[in-house]
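Only one structure is covered here, and it is reproduced in the block below.
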Amino acid sequence: MRKTLIRISLLIVAVTAVGFVVSQSFADDTDPIEISVNGQKPWTETFTWDNIEPGNNFEIELEITNTGVTPVKLWKIIKCVEYNENEIIEPEQEWYDEHPDQSPKNDLDSAIVYEMYVDGQLAISKKAGITMDQIKDNYMGLVKLDQPFAPSNGDGMLHPGNSVTVIQRYYMHEDTENWAQSDAMTFVMEIEARQINAPEPLQQMSFIDNKYPGWNATADERMGILKYDYMSPELNYDFLGVGLNPTKEYCLIYAKDPWGAAKPLIDSGTTDGDGKINLIGSKSLGNLPSTDDTNYPNGAKIWLLPCNEYTGSIGWPPHDDWLFDNWPGLINYRQGERPNEEISCDFPAPPDPPTIESVEINRVLSSSDWTGDARNYSLADVIFSYLTPTSEVLMGTLTAEGLKPYTTYQMKFIGKPACDGGDDVANEYIGYEGRWTVLNIPCTGAGCNRTDAQYEANRAKADTDPTKECIAGYLVWDFFTTDAGGDAMKVAVTDSSYHVLWCNGGTCGVANNSQLKYEPEAGLNYHYCDAGDVEGQIERGYCGGLVLDPATYDLKIVLTEESFHQAEGTWTSVLEGDINFKIE
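The numbering of the sequence shown is the numbering used here, which starts it at 6 and goes up by one.
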């Protein structure tokens, strides 16, 4: 999520902007979101607009690029608008003298007309006269939704490596009077990126325009803005139409496809003498789009047309006073309890830049391997290097030399609970994502395991209870396989919670050993699996679905030999180290 604070002052004071970045992503996909703005990651920029006068304009151009590895949805919002009288100078005082009944006035956003283009396509035209106060505090989708077969930014997603260019122009209204002299305004511009299966921002808006007959938005006075809640018991809407025919009745409809399908009425009303209409209310329509809409699941079309041309369905051809879906083309609405999501102006400080840390995994836990053969693990050299702080997942590179050849190793975290001199919070984060093991009683294998219920019952016991156990969480989160020399290198990431590993051809979640090998004639007296054929059986969640809670983690990192359930041995933990990292 990219945020820019824009400060605008009139005539006497310059316009400045200071930008900063706060990451935003959701747990529906584990690949972290990476967005750059104008080539910067994080994005920081300062804008200046000097000597602003009525009729002047200010342009901001943003090139937003998905530099990550997963598609994202993208929005922009202008919010947190604040005003400052900034002293009353002589021309302003003259205006107040001419308007003695006027209360103090410095609502600059009502005098600044807004225009926006995305990738050269018109979203809001200056000629429509839409002002900042009419679009603030609502999220604008920046990627088209109505071209589902054009995945290059046409299916509602910004794909890895792709960009959108957003041009915004701010015009001081030409007839702005002297009440605005020297006044100041600040606002925040934010770019919001979310993973494709995450809930969308609550307060959104969509722009509709008189596109017929060319099906492209027309840069004229006629357009509409639909503000709506993404999720609520009924569709909450606030529709503003401008530049329409005066004193004419218009109907706002859900334009379900195909063409001959019934098109439900949302609301209707009559324009005023200036051709303006404002429809506000709620309507029970179920989810939009409905499953019988041929636009499903990409989104729903919302149109405005004269009521005398609407009978529950619509005829052909449209006229120039029809307003069609334009930007982002379709909307999505989900029927449900309205979430408590507020537009926040309290921003945390930018996160500390990550640093590269390394842990040597060199404490020997066993003098034999999983088959029971003696092995001197003190001769191994294993290092895991990683970035911290980070968000959602820990990622790093493991390099190993001198391990057992053709052997697969689980990469595992073991918590340090307070009873073992550590922190219960981080320990529980690990345990509830993985499993539990008891530390202070003699046990082996599955006899050491505890369930969530057992952990919670034990936690409730008094510290003086002699039956109270010291229980640590543990999490198997990745794996690697050595070559003929016992060496390995792998980029490892904490994006899964595994139970055990299988030699199944490399398919996550499949519990079979269809690709397991046994070649005693080649001197390998144990079963083994080629690196590309190893995958895990999921313990919790789903493949690639693990997100770590924000916290500072002080854990043990452990390497455990994988036995693939073979009779000649069992799982054996051989090396460990201490790891510290931060998830923000």
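Glycine included, C-beta positions come from ideal geometry on N, C-alpha and C. Since the model is a prediction, treat every value here as computed from it, not as a measurement.
{"Query": "How big is the Cα-Cα spacing for residue 578 and residue 498?", "Result": "20 Å"}
{"Query": "Pick helix, strand or coil for residue 573, following the three-state DSSP scheme.", "Result": "coil"}
{"Query": "Any idea what DSSP makes of residue 479, helix, strand or coil?", "Result": "strand"}
{"Query": "In this structure, does DSSP put residue 520 in helix, strand or coil?", "Result": "coil"}
{"Query": "Are residue 236 and residue 341 touching if we call contact CB-CB under 8 Å?", "Result": "yes"}
{"Query": "Residues in its own chain within less than 8 Å of residue 491 by CB, not counting five upstream and five downstream?", "Result": "385, 405, 406, 407, 408, 409, 410 and 412"}
{"Query": "Could you tell me how far apart the beta carbons of residue 588 and residue 390 are, in whole angstroms, since I believe they sit closer than 8 Å?", "Result": "Contact doesn't hold; Cβ gap of about 17 Å is too wide."}
{"Query": "Rounding to the nearest angstrom, what Cα-Cα distance links residue 132 and residue 120 in this structure?", "Result": "9 Å"}
{"Query": "Straight-line CA distance for residue 252 to residue 327?", "Result": "15 Å"}
{"Query": "Return helix, strand or coil for residue 39, following the three-state DSSP convention.", "Result": "coil"}
{"Query": "Using CA coordinates, which residue listed in 224, 250, 221 and 452 is at the minimum distance from residue 274?", "Result": "250"}
{"Query": "Take the Cβ of residue 129 as the centre, count every other Cβ of all protein chains shown within 10 Å, and call the residue buried at 16 or more, exposed below.", "Result": "buried"}
{"Query": "Is the number of C-beta pairs between the stretch 505-516 and the stretch 538-550 that are closer than 8 Å three or more?", "Result": "yes"}
{"Query": "Give the secondary structure of residue 318 by DSSP, where H, G and I count as helix, E and B as strand, and everything else as coil.", "Result": "coil"}
{"Query": "Taking residue 233 as part of the beta strand (DSSP E), name the residues at either end of that continuous run.", "Result": "228-234"}
{"Query": "Is the separation between the beta-carbon of residue 480 and that of residue 435 shorter than 8 Å?", "Result": "yes"}
{"Query": "Taking only runs that begin and end inside the stretch 72-115, name each unbroken alpha helix (DSSP H) of 4 or more residues, in chain order.", "Result": "95-103"}
{"Query": "Here's a check: name, in chain order, each residue in its chain whose Cβ is nearer than 7 Å to the Cβ of residue 335, leaving out the five neighbours to either side.", "Result": "150, 151, 300, 303, 304, 305 and 306"}
{"Query": "Measure the C-alpha to C-alpha separation of residue 592 and residue 248 and round it to an integer number of angstroms.", "Result": "For residue 592 there is no data in the structure shown, the boundaries of the chain being 6 and 589."}
{"Query": "If I measure Cβ to Cβ from residue 563 and keep anything under 6 Å in the same chain, skipping five residues before and after, which residues do I get?", "Result": "417, 419, 578 and 581"}
{"Query": "Taking DSSP as the reference, what is the three-state secondary structure of residue 464?", "Result": "helix"}
{"Query": "Along the chain, where does the beta strand (DSSP E) containing residue 406 start, and where does it finish?", "Result": "400-406"}
{"Query": "Using the DSSP secondary-structure output, state which residues sit across from residue 360 in a beta bridge.", "Result": "393"}
{"Query": "Is residue 384 helix, strand or coil when you go by DSSP?", "Result": "helix"}
{"Query": "Can you have a look at residue 26 and say buried or exposed, based on whether 16 or more other CB atoms are within 10 angstroms of its CB?", "Result": "The predicted model places residue 26 with a pLDDT of 33, which falls under 50 and marks its position as unreliable; any figure quoted below should be read in that light. Residue 26 should be labelled buried."}
{"Query": "Alpha carbon to alpha carbon, how far is residue 173 from residue 139? Give it in angstroms, no decimals.", "Result": "15 Å"}
{"Query": "Just mark residue 595 as buried or exposed, buried being the case when its beta carbon has 16 or more other beta carbons within 10 Å.", "Result": "This structure gives no information on residue 595, because the portion of the chain shown stretches from 6 to 589."}
{"Query": "Roughly how many angstroms separate the alpha carbons of residue 522 and residue 414, rounded to a whole number?", "Result": "16 Å"}
{"Query": "Just checking my contact of residue 166 with residue 71 at CB under 8 Å: how many whole Å lie between their CB atoms?", "Result": "7 Å"}
{"Query": "Of the choices 98, 48 and 191, whose alpha-carbon is the least far from that of residue 84?", "Result": "191"}
{"Query": "From residue 421 to residue 270, what does the alpha carbon distance come to, in whole angstroms?", "Result": "60 Å"}
{"Query": "Apart from the five residues just before and just after residue 262, which ones in its own chain have a Cβ nearer than 8 Å to its Cβ?", "Result": "298, 299, 300 and 306"}
{"Query": "On the three-state DSSP scale, how would you describe residue 32?", "Result": "Since pLDDT at residue 32 reaches only 35, below the 50 mark, its modelled position is unreliable, and no value is offered."}
{"Query": "So, residue 162 versus residue 77, is the Cβ gap smaller than 8 Å?", "Result": "yes"}
{"Query": "Following the continuous alpha helix (DSSP H) through residue 140, name the residue where it begins and the one where it ends.", "Result": "137-140"}
{"Query": "Could you tell me whether the stretch 556-572 touches the stretch 500-508, using the rule of 3 or more Cβ pairs below 8 Å?", "Result": "yes"}
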